[in-house]
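A short write-up of the structure that comes next.
Residue numbers (this note's numbering), protein chains in the order written: chain A, 741 to 1341; chain B, 2 to 196.
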């Protein structure tokens, strides 16, 4: 702690969570001279670069190289793991009927330590789904309200893209605006696919839509535009940023955005924390918020109770309280809801925890007719976005194609499983084996089709005293069902995928083999769709125009507790087909502005 | 090729237990066996820097004598065109030697050891080291699967900004590159600008 921070008898703001929203808020508020305490449930091991390197080593040496491999949880800050889908165990208590298949991580930096980095804006129509298509909900604010904050968020996170590629589906940019860095080059695989499918027509509701392979905006460092300085690898130490490094100023093609970028060329929340004014910031890691303390008369929050631990492997902890003028829950859509519920705070009309959504996503994978250079490049550099919007949304969910650059890694665990299949099932060895792998691996292509989901009160996070973690805190109990609107979207996505495969001459291997079908399945129209989670938790403390129907207002401020803010994707009334991080960042910057106006002394 | 021409790395380093002519010959047989099993030559295998490490790992995991049995079976293989067919019959199809040979292949390609099948373990013995595990971070990175893919290990040996836009190189056994619909070289050249 530094002198300024030590002098603060009361903090101006206590923030729960050091992920992207907490970090962005900490940066904005401290740069405005507000005293901020950030409480992070998990360890701060990724903040100094040597600690980050230890996480990288964990990835190299872990047998299962899933998204959580470099980021094992502390005993007191447990987290879901996608491997739980196979084992049936884990942190979530899954009440079904369908499984919620996503995961997140609890440590300084949060899930941005293992995100893909894709930064798509939401479409204007996504904010007005109810008005336009009679489905889902409208937001209490529109695209035009958020547009300036999208632009700021793109500069805060460091997004690489060209505006010229991104103006579609009604997305508009301010005159003269462009992203801070040029677009990340398309992979060879993207180029090959574009050559085959650009312009092809596919059905979309009653009409037809022409497809186009489009570059993705991504928070990965590329060639900067005028004056922008890409944020490097973080090396946060107790006495400040210890080492000046050029590492990570540009993506170097490690083909590992998830689960860990070895050089931090991709944004993580540690970068925003490193840009906070440290004279006004105290970051306390290994501090699990366990209760929001509320004055029963005024409804105002009086403090955050938290549990500190020194040994991440032990359930031992001590209980403390932090007080401030205002409080922010930025702990994650699930953790925010859980913390409110365990504090006895149900939210307006008991809305807290209800409306949990994700992007349940299908994989489609196959073999290209010729090598496309699989296993090289940022994990996804392009997608097909033409079915993210359109009148068909009155009938079924929208969807979006990610084009992978990592072969069948995500869908089957290749190349390890491709090798095992050849050796153990086909009985290959020697030159036959080598020739086979050299033929197969460079031709592997994989799509992810992320399908929109609408909020339903039955899909929810709740708590149950029968299910506690080692600190005695409740584990999230998740009820989740994928409805017909989304299932019909899955069905349409699968059909488009088949047509794209045919057009591009891809030999379809989707769901073939033992590794193809371990993902949870849902049935619709006589077909079974295996889906995975995208990690896009949202909808659990929804924003709205009125207190009775929502938890927060359009500034993410609690209707019931006016000095409390709940920030993040939990506030989303709809999510469309965009990865939520950029929109979370934009909303957070807007909230920060309002908080500064309110709290500045 | 003689052992001397291949140089020292395959064998134990001087001064370590087991050093000596017998150990060197053992390492040499392991290397030649690995050539047959992986389809990669001795230079590529030695180039991983892991031949000695893998031999030590196998000695640590397998019950005593199993690897020597495998080496003996290997030494009995005929030379010439029937060699691979004979290996398929006498090694890969053998109940005891087959699973071990397949695990050696997996180790070279993936850098991992796979727990031996239960039937094998109950018939020939178990070891606490016989678990699914990555041999080491270096082993993961040196996996021949990345070479076969014409790529690099995910998360290591970065190829540089924009390298992913370049067309893949022709490899043995693959259909011709450039048969894909895009015009690879020109597109890659324009994409890679500014690298």
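The C-beta atom is built at its ideal place from N, Cα and C for all residues, glycine as well. Model, not experiment: these values are computed from the prediction.
Residue-level contact check: residue 1323 (chain A) does not touch chain B, since none of the beta carbons of chain B fall below 9 angstroms from its beta carbon. Minimum Cα-Cα distance from residue 151 (chain B) among the listed residues B:85, B:162, B:167 corresponds to B:167.
Neighbours of residue 799 (chain A) across chain B, judged by C-beta separation under 8 angstroms: 156.
The alpha carbon of residue 1217 (chain A) has as its nearest neighbour, out of A:1201, A:1225, A:873, A:1230, the alpha carbon of A:1201. A distance below 7 angstroms between beta-carbons, with the five flanking residues on each side excluded, links residue 945 (chain A) to the following residues of its chain, in chain order: 1130, 1131, 1132, 1135. Sequence-distant partners of residue 1274 (chain A) (beyond 5 residues in either direction) whose C-beta falls short of 7 angstroms from its own C-beta, in its chain, are 842, 1098, 1099, 1101, 1190.
Annotation: residue 1058 (chain A) is outside any alpha helix (DSSP H); the continuous beta strand (DSSP E) that includes it extends over 1058-1062. Secondary structure within the region 28-91 of chain B: the alpha helix (DSSP H) runs of 4 or more consecutive residues, fully enclosed, are 43-48, 52-62, 67-76, 84-88 (chain order). For the region 987-1001 of chain A, the residues whose beta carbon sits under 7 angstroms from a beta carbon of chain B are, in order, 990, 991, 992, 993, 994, 995, 996, 1000.
C-alpha of residue 1162 (chain A) to C-alpha of residue 147 (chain B): approximately 15 angstroms in a straight line. At a cut-off of 9 angstroms between beta-carbon atoms, residue 1182 (chain A) makes contact with chain B. If you keep only unbroken beta strand (DSSP E) runs of at least 3 residues inside the region 893-959 of chain A, you get 941-944, 947-950, 953-955. CA-to-CA, the gap between residue 1061 (chain A) and residue 848 (chain A) works out to about 20 angstroms. By the rule that beta-carbons nearer than 9 angstroms mark a contact, residue 1118 (chain A) touches chain B. Counting only runs of at least 4 residues, the region 1258-1339 of chain A fully encloses the following alpha helix (DSSP H) elements, listed from N- to C-terminal order: 1321-1339. Contact note: residue 1160 (chain A) reaches chain B through 107, using a C-beta cutoff of 7 angstroms and chain order. The secondary-structure analysis by DSSP pairs residue 113 (chain B) across a beta bridge with B:135. Rounded to the nearest angstrom, the Cβ distance from residue 1309 (chain A) to residue 897 (chain A) is 15 angstroms, too far for a contact under 8 angstroms. The alpha helix (DSSP H) runs lying completely inside the region 1140-1219 of chain A and spanning 4 residues or more are 1149-1152, 1156-1160, 1170-1180, given in chain order. In this structure, residue 1111 (chain A) sits away from residue 991 (chain A), with a CB-CB distance that is not shorter than 9 angstroms. Residue 790 (chain A): member of the alpha helix (DSSP H) spanning 789-801, first to last residue. Contact annotation: residue 1041 (chain A) and residue 1339 (chain A) have beta-carbon atoms that are not nearer than 9 angstroms.
Chain-ordered listing is empty here: chain B has no CB closer than 7 angstroms to the CB of residue 1319 (chain A), the nearest sitting near 20 angstroms. Here the alpha carbons of residue 880 (chain A) and residue 1281 (chain A) stand approximately 14 angstroms from one another. In this model, residue 1184 (chain A) and residue 788 (chain A) are separated by some 37 angstroms (Cα to Cα).
The region 1260-1268 of chain A makes no contact with the region 1280-1297 of chain A, as fewer than three CB pairs between them are under 8 angstroms. Nearest neighbour of residue 804 (chain A) by Cα position, chosen from A:1033, A:824, A:1170, turns out to be A:824.
Within the region 83-94 of chain B, 85, 93 place their CB atoms closer than 7 angstroms to a CB of chain A, listed in sequence order.
If only complete runs of 3 or more residues are kept, the region 852-878 of chain A shows no beta strand (DSSP E) anywhere. Residue 964 (chain A) carries a strand assignment under DSSP once its states are collapsed to helix, strand and coil. DSSP places residue 156 (chain B) outside both helix and strand once states are collapsed to three, so it counts as coil. Taking the CA atoms as reference points, residue 907 (chain A) sits about 46 angstroms from residue 815 (chain A). For residue 1065 (chain A), the three-state secondary structure derived from DSSP is strand. Within the same chain, Cβ atoms closer than 8 angstroms to the Cβ of residue 30 (chain B) are found at 72, 75, 76, the five residues on either side in sequence being excluded.
When rounded, the separation of the alpha-carbon atoms in residue 811 (chain A) and residue 1052 (chain A) is 12 angstroms. The straight-line gap separating the alpha-carbon atoms of residue 1327 (chain A) and residue 797 (chain A) is approximately 35 angstroms.
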